[in-house]
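Residue numbering for the sequence shown is 158 to 523, as defined by my numbering. Using N, Cα and C, we set each Cβ at its ideal position, and we do this for glycine too. Just so it is clear, the structure is predicted and the values come from calculations on it, not from any experiment. Remarks on the structure that follows.
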Amino acid sequence: MFTDSIELTVSSGKGGQGCVAFRREKFVLNGGPNGGDGGKGGDIWFKCDNNTHTLSHFQRKMHIKADGGVPGAGSLMTGKSGSKKIIIVPPGTQILDLDSGEVLFDMLKHGEEVLFITGGKGGLGNVHFKSSTNQRPTYAQPGEKGETRAIKLDLKLIADVGLVGFPNVGKSTLISIVSNARPEIANYEFTTLTPKLGQVNIGDFESFIMADIPGIIGGAHEGKGLGIQFLRHIERTKTLLYMVDLASYRDLKEQIEVLKDEISSFSDKLGTNKYAIALTRVDIVPPDDIDELVNGFLKLLGIEASKTNEFNFDSKMPYFIQDSADETLGYDKTLPYLVVPISSPTHKNIEALKYSLFNLVQSDRI
158 MFTDSIELTV SSGKGGQGCV AFRREKFVLN GGPNGGDGGK GGDIWFKCDN
208 NTHTLSHFQR KMHIKADGGV PGAGSLMTGK SGSKKIIIVP PGTQILDLDS
258 GEVLFDMLKH GEEVLFITGG KGGLGNVHFK SSTNQRPTYA QPGEKGETRA
308 IKLDLKLIAD VGLVGFPNVG KSTLISIVSN ARPEIANYEF TTLTPKLGQV
358 NIGDFESFIM ADIPGIIGGA HEGKGLGIQF LRHIERTKTL LYMVDLASYR
408 DLKEQIEVLK DEISSFSDKL GTNKYAIALT RVDIVPPDDI DELVNGFLKL
458 LGIEASKTNE FNFDSKMPYF IQDSADETLG YDKTLPYLVV PISSPTHKNI
508 EALKYSLFNL VQSDRI
């Protein structure tokens, strides 16, 4: 089960009680107090681990506690400190204060560890309270209480490219073809119910991460469909791939306008990200209609079809790609970096799409 938000109560350990004890040995007169200190309570830590991909393991753990410190003992023996509690979360997890909603910290890198709350101090034994006027102290400190915090964990997946499209537009098929992700694929809407991540390999040494989220419909940012629940999983992406269905009953203009409006309404930042457009299911469009559909869509965007065959696109099909000769100038974010018709089942233009997206991702990494 995929869980991307959970509320928890976490408590650090209580410090151990100090000891009241006196030294009593044969042939030792007036041994005096020798009670040891209590041990420190355990701390609460968070650790980022990329072997974890969901928060579902917290479903039955609503209150997580660290161990308390062990009380001190006679002969000046200090109690053992409580073991620290490490809470393991997947990359992309935000820890928020449940009451204020403030983001306390963000876990992004594998192996990253953050101390959240410290355990209580152990109490002092009675040996610390002896004096010339009190040579037989019978008092020792209790250990300090640990701290308790109510928090919320929010998982926002980390990806380079986020797929955005209406339900049943071919997002799951594409990510299964180009990456190691294996989502459920079927010919009905809302097949994808949870976000999926896939690694897209470019040669032997380069790759990027692609994220597939459930299909978006009009009004998704207001809670319609499944979109609002998972749109936040592409908040971290710097590149969006809008997928527009050439064979859909929805008009091409309607598809791209609704998708861009939903993204902008959800997040101003996402709405200004670099983006590309894939026109899907070109394999089931009559060949005589492809030019008219694609050229009409490009004119709608105010751009002309490309004439060259950059990145080995099918030269028989019209497409558009921004000139990347001088990457230091960047790309015009008001226009798509790329518009290309594709077919995942027949792999038409799929390899070229991969390399084009990688080129766009690399421009943000430089």
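Beta strand (DSSP E) segment containing residue i, residue limits
i	result
residue 319	318-322
residue 524	Absent from the structure is residue 524, since the part of the chain shown begins at 158 and ends at 523.
residue 176	Neither: residue 176 is in no beta strand (DSSP E) and is coded neither H nor E.
residue 285	Unbroken run through residue 285: none, as it is neither H nor E.
residue 270	270-274
residue 495	495-498
residue 220	220-222
Cβ pair residue i, residue j closer than 7 Å
i	j	result
residue 231	residue 300	no
residue 362	residue 317	no
residue 229	residue 194	yes
residue 373	residue 414	no
residue 203	residue 163	no
residue 593	residue 207	The structure shown does not extend to residue 593, since the chain is modelled only from 158 through 523, so no value can be given for it.
residue 397	residue 432	yes
residue 239	residue 276	yes
residue 105	residue 278	Because the chain here runs from 158 to 523, residue 105 falls outside it and cannot be looked at.
Terminal residues of the alpha helix (DSSP H) in which residue i lies
i	result
residue 330	328-335
residue 469	Unbroken run through residue 469: none, as it is neither H nor E.
residue 422	409-423
Which residues DSSP lists as bridging residue i, in chain order
i	result
residue 263	251
residue 402	437
residue 367	318 and 355
residue 311	162 and 251
residue 396	318 and 431
residue 204	245 and 270
residue 305	168
residue 185	182
Own chain residues within Cβ distance below 6 Å of residue i, not counting five before or after
i	result
residue 335	357 and 511
residue 237	196 and 227
residue 485	Reliability fails at residue 485, whose pLDDT of 48 lies under 50, so the model's placement of it is uncertain and no value is given.
residue 514	318
residue 222	168
residue 210	247
residue 149	An answer regarding residue 149 cannot be provided, because it is not within the stretch 158 to 523 covered by the chain.
residue 271	203 and 262
residue 101	The chain is shown from 158 up to 523; residue 101 falls before or after that span and cannot be answered.
residue 174	195, 228, 280, 299 and 300
Same chain, Cβ closer than 7 Å to residue i, five either side skipped, listed in chain order
i	result
residue 466	472
residue 181	188
residue 235	193, 194, 196 and 229
residue 429	490
residue 470	476, 497, 506 and 509
residue 289	none
residue 313	249, 251, 389, 390, 392 and 393
Neighbourhood of residue i by C-beta, 8 Å cutoff - its chain only, sequence neighbours within 5 removed
i	result
residue 449	none
residue 296	177, 283 and 286
residue 266	205 and 248
Cβ contact (3+ pairs, closer than 8 Å) linking the segment 238-253 and the segment 179-192
Touching, no.
So, does the segment 499-516 touch the segment 428-438, judging by three or more C-beta pairs under 8 Å?
yes
For the segment 164-184 against the segment 296-315, are there 3 or more C-beta pairs whose distance is under 8 Å?
The segment 164-184 vs the segment 296-315: in contact.
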